[in-house]
Structures are given as C-alpha cells and as structure tokens.
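Under full-length UniProt numbering, think of the first position of the sequence shown as 1, with each following residue one higher.
Glycine included, C-beta positions come from ideal geometry on N, C-alpha and C.
Let me begin by presenting the structure, written as structure tokens, before commenting on it.
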Amino acid sequence: MWLALLLAAFPIPTIDGKAPASAPEQAKWTLPMRFEKVKKFYVEEFKTNADVKLTERTRDGHRELVITTRAPREAWTRAVVTERAVDVSIEVTRVMRLADEEISGTARPLVEFVFTRSPEIDKAVKSIDHTESMRAK
Numbered sequence: 001m002w003l004a005l006l007l008a009a010f011p012i013p014t015i016d017g018k019a020p021a022s023a024p025e026q027a028k029w030t031l032p033m034r035f036e037k038v039k040k041f042y043v044e045e046f047k048t049n050a051d052v053k054l055t056e057r058t059r060d061g062h063r064e065l066v067i068t069t070r071a072p073r074e075a076w077t078r079a080v081v082t083e084r085a086v087d088v089s090i091e092v093t094r095v096m097r098l099a100d101e102e103i104s105g106t107a108r109p110l111v112e113f114v115f116t117r118s119p120e121i122d123k124a125v126k127s128i129d130h131t132e133s134m135r136a137k
C-alpha cells in the first residue's frame, strides 16, 4: 500500500485525459506518446520547483530527459524519460523514507577490549624526561 503512495508523488502524464494503468510496485511505464509532448508536460509540471532539475541528453540516437530532485520530502530521486521508436518509456527511482528513531541505552557493550601495559613499558615511560626542555626548538 505504501508503495502506491510513494509513486503517487511522481506525476505521470495522462493519455487523452486518462491515467495509465499501474500496479503499486510499478516503477516503469511505457506510454504511446511523443517525446516532445511528455517533455512539455514535465517542463510545465516542475517549472516552479527549484529543487527539480531537468536535463536533456541523447543516448544511442534516442533522446532522454533526466529529472532529478534534491527535495527532502519527495518520494523519488530520479526519473528517466526515454524516447523510443513509437512510444516513450518512463523509469522512476523511488526513495523509502523512514521515521527518525532515537536509540539510547545504559548497558555495557557485548565486547569490550582492555589493553594493559607490561611493567617493563611502565618503567620505560617513567624514565623518559617529559619536560619542556626536551622538546625540539
């Protein structure tokens, strides 16, 4: 159920006024539309949103529109609109956000390392002159 809510945050263009059929876990759509029409839809949709960046590029002779967002409240981070021979493919990268959880406790750790010095090392440390006169000038 929550996946459907996450996908609802990313707009998918309608086909002649009808929303394309989709499943809750779906992240990829194929729409029988021209690339220019889909590009115009997303330019209009995100023109007032400064957190969303639209980048057009060409890959293997086909145009791609890469839509990225840095907004912390969005349920998606990236979408790629790819032009194909007779249709357009849209692939969305979703983000799952969890509530903050505070972790606290007073128990000791399960593993504790205790490093001790041998008496010979203690003698050697005591014999070293640690005064200011020993420091390099």
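Query raised in the report: According to DSSP, is Ser22 helix, strand or coil?
Result: DSSP places Ser22 in coil when its eight states are reduced to three.
Report task. Look up Thr93 in the DSSP assignment and give the residues it is bridged to. Result -> Beta-bridge partners of Thr93 (DSSP): Arg78.
Requested in this report: Sort Ala85, Lys126 and Glu36 by Cα distance to Ser118 and report the nearest one.
Outcome: Closest option to Ser118, judged by alpha-carbon separation, among Ala85, Lys126 and Glu36: Lys126.
Report task. Tell me whether the beta-carbon of Asp51 lies closer than 8 angstroms to the beta-carbon of Arg63. Result -> Judged by beta-carbon spacing, Arg63 lies beyond the 8 angstroms limit of Asp51, meaning their Cβ atoms are not closer than that value.
Query raised in the report: For the candidate residues Pro24, Asp129 and Ile67, whose alpha-carbon lies nearest to that of Thr82?
Result: Selected option, being the one with the closest Cα: Ile67.
Query - Neighbourhood of Val95 by C-beta, 8 angstroms cutoff - its chain only, sequence neighbours within 5 removed - result: Within the same chain, Val95 has close Cβ partners Leu6, Glu74, Ala75, Trp76 and Thr77.
Query - Range covered by the alpha helix (DSSP H) that runs through Ile121 - result: In the DSSP annotation of this structure, the continuous segment of the alpha helix (DSSP H) that includes Ile121 starts and ends at Pro119 to Ser127.
Query raised in the report: So Thr48 and Asp87 are in contact, right, with Cβ under 8 angstroms, and what is the actual spacing, rounded?
Result: The C-beta separation of Thr48 from Asp87 comes to about 28 angstroms, leaving the pair out of contact by the 8 angstroms criterion.
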